[in-house]
Amino acid sequence: MTASAYHLFEDLYQRRRNLAKQSIKADKLALKDALVACVGGRGKFPDMVLRVNHGDPDFSGGELIEIKDAETSYNIAPFNSTIPTGVKRMAEVAKQGGGLYNKLQKTEGDPHKNPLREVYYLIRGMKNGRTKVCLVHGLFFETITVDENIKGTVAQAVAEAAQDSHGLDDAALQQASKTIAALNWKQEHMSKTRITPGAAVGIRYRTMAGAVADANILNRGKYPQIKDDTLNMIVPAHASAQGAAADAKAAQTALMEKAFEVGKGKLPTNISVFEMKHLLNGPFVVFQAPL
222 MTASAYHLFE DLYQRRRNLA KQSIKADKLA LKDALVACVG GRGKFPDMVL
272 RVNHGDPDFS GGELIEIKDA ETSYNIAPFN STIPTGVKRM AEVAKQGGGL
322 YNKLQKTEGD PHKNPLREVY YLIRGMKNGR TKVCLVHGLF FETITVDENI
372 KGTVAQAVAE AAQDSHGLDD AALQQASKTI AALNWKQEHM SKTRITPGAA
422 VGIRYRTMAG AVADANILNR GKYPQIKDDT LNMIVPAHAS AQGAAADAKA
472 AQTALMEKAF EVGKGKLPTN ISVFEMKHLL NGPFVVFQAP L
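With positions in the sequence shown counted from 1, the corresponding number in my numbering is that position plus 221.
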């Protein structure tokens, strides 16, 4: 069986009624075994890895899936383990000899042979008896690069510390603040335990990320197109290989039809397809079905 995020959506569609049951946790859905290469460790990114397809021109597979489940609200649970991006390097996600690497080695060989993997987030929100489920590409949350984002937050922290120290009217302090903030900051700089000489405890600055309101796909006021009691797949409106970006909807629909193995060139009649503008990025193509 071919595996990909599109096939995952097809599988979720077939069992979509279960997605509205609060008693069934999003990370406990009984997905097809042929889709999943392995599940991740508890509290670690990703929650699952889809199987790789060797030599398939349409579906490379191997996507990384992270699950975010909010059972009492339409807020997206925080991204505790890694800042969301559209693509991640397997050398960083599954380090050689680590638990995830060893699991994947049993199903696909060396996972580093497919070094770049697309990332999807399976997001479920429940509020007042209604449910929204979105399988959304990581680019929805990567409106600027991770490094740019970290650099911006470091600049804000440095400016606040400078203000508390001497005030930003000090020219030398202003220049020092700009120099520090302009360094090549990365997430790993924050995720190590640092020990100051003479200190009895080390300090680790844990990086946590949370979606802002304009990137909360569950927020009715921001994205009214994502209706209550629906299952959605949200993918970037990339240009097709043959044409311009205007063909993105058609190209994505063709991929979804292949995932559903529809013989007549049509998706199930209760699946609607439309383009949606991201408030910070975009556009995106949405596949939407009732739960």
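Glycine is no exception: its CB is placed at the ideal position from the N, C-alpha and C atoms. If you're wondering where the values come from, they're calculated on a predicted model, not measured in any experiment.
Residue i - DSSP class collapsed to helix/strand/coil
i, result
"Phe-362", "coil"
"Glu-290", "A small correction: the amino acid at residue 290 is Asp; Glu does not occupy that position in the sequence shown. Strand at Asp-290."
"Tyr-322", "helix"
"Val-506", "strand"
"Val-308", "strand"
"Glu-496", "strand"
"Met-477", "helix"
"Ala-436", "helix"
"Ser-461", "Per-residue confidence for Ser-461 stands at a pLDDT of 45, beneath the threshold of 50, marking its modelled position as unreliable; no derived number is given."
"Glu-339", "strand"
"Thr-451", "strand"
"Thr-223", "coil"
"Ala-513", "Nothing can be reported for residue 513: it is not among the residues displayed for the chain, which extend from 222 to 512."
"Val-422", "coil"
"Pro-445", "coil"
"Thr-328", "helix"
Backbone CA spacing between residue i and residue j [nearest angstrom]
i, j, result
"Gln-463", "Val-506", "The pLDDT assigned to Gln-463 is 44, lower than 50, so where the model puts this residue is not dependable; a value taken from the coordinates is nonetheless given after this. Rounded to whole angstroms, Gln-463 to Val-506 spans 18 Å at the Cα level."
"Tyr-227", "Asp-468", "18 Å"
"Leu-476", "Ser-225", "10 Å"
"Leu-501", "Asp-435", "7 Å"
"Ser-493", "Lys-265", "34 Å"
"Asn-239", "Thr-293", "17 Å"
"Thr-451", "Ala-510", "6 Å"
"Ser-461", "Ala-472", "Because Ser-461 sits at a pLDDT of 45, beneath the cut-off of 50, its placement in the model cannot be relied upon, and the point is left open."
"Ile-455", "Val-273", "21 Å"
"Gln-236", "Asn-453", "This sequence places Arg at residue 236; Gln is not what is there. One C-alpha to the other measures close to 13 Å."
"Leu-512", "Val-308", "29 Å"
"Asp-254", "Gly-283", "14 Å"
"Ala-291", "Asn-491", "26 Å"
"Tyr-342", "Met-411", "23 Å"
"Leu-252", "Leu-233", "8 Å"
"Ser-244", "Val-260", "21 Å"
"Gln-317", "Lys-324", "11 Å"
"Phe-280", "Leu-250", "23 Å"
"Pro-457", "Thr-474", "12 Å"
"Lys-399", "Ile-371", "14 Å"
Within 7 Å, strictly: CB atoms of residue i and residue j
i, j, result
"Leu-256", "Leu-229", "yes"
"Phe-481", "Leu-488", "yes"
"His-333", "Met-311", "yes"
"Ala-247", "Ile-297", "no"
"Arg-345", "Val-357", "no"
"Ile-401", "Arg-415", "no"
"Thr-352", "Ala-241", "yes"
Residue i Cβ short of 6 Å to the ligand GDP heavy atom set
i, result
"Leu-476", "With respect to the ligand GDP, the structure shown offers nothing to examine, as it has no ligands at all."
Review point. Where in the region 346-410 do unbroken runs of the alpha helix (DSSP H), each at least 4 residues long, occur, reported from the N-terminal end onward?
Key: 367-386, 392-402
Check your understanding: So does the region 429-439 actually touch the region 286-304, counting three or more Cβ pairs closer than 8 Å?
Key -> yes
Review point. Three or more beta-carbon pairs under 8 Å between the region 401-420 and the region 362-371, yes or no?
Key: With a cut-off of 8 Å, the region 362-371 and the region 401-420 count as touching, because enough Cβ pairs lie within range.
**Study point:** Ordered list of beta strand (DSSP E) runs contained in the region 226-296, each at least 3 residues
**Key:** The region 226-296 contains these whole beta strand (DSSP E) runs: 257-260, 269-271, 285-291.
Practice item. Tell me, please, whether the region 322-338 touches the region 374-383 by the rule of three or more beta-carbon pairs shorter than 8 Å. Key: no
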